[in-house]
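Asker:
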Amino acid sequence: NAVVESTNRLLKKELIYRNHYTSLEQLRSDLNDYVWWFNNQRLHSTLGYRSPKEFTEQGLVL
Numbered sequence: 001n002a003v004v005e006s007t008n009r010l011l012k013k014e015l016i017y018r019n020h021y022t023s024l025e026q027l028r029s030d031l032n033d034y035v036w037w038f039n040n041q042r043l044h045s046t047l048g049y050r051s052p053k054e055f056t057e058q059g060l061v062l
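Numbering (the UniProt record's numbering), first residue to last: 1 to 62.
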């Protein structure tokens, strides 16, 4: 699935490869923060440079 592969690539590039984790708890915490940021603040070109939250709140569809 291209969407999942693209999302995983971004997750690795923007979070995993930039950090060195020594505990699973820290990874989980950062992952939760990343998912919140990805859905609420990160601008997505396919959504007209809006966040998914903003896109949904405006009642827009792809």
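Cβ atoms here follow ideal geometry from the backbone N, Cα and C, with glycine treated the same way. As the structure is a prediction and not an experimental result, all values here were calculated from the model.
Have a look at the DSSP bridge pairing and note the partners of His44.
Answerer: Arg50
Asker: Between the C-alpha atoms of Leu49 and Thr22, what's the straight-line distance to the nearest angstrom?
Answerer: Reading off the sequence, residue 49 comes out as Tyr, not Leu. Computed Cα separation, rounded: 34 Å.
Asker: Is any heavy atom of the ligand FMN found at a distance shorter than 7 Å from the C-beta of Leu47?
Answerer: You won't find the ligand FMN in this model; it holds no ligand whatsoever.
Asker: Enumerate, from N- to C-terminal direction, the unbroken alpha helix (DSSP H) stretches of 4 or more residues contained entirely within the stretch 8-41.
Answerer: 24-40
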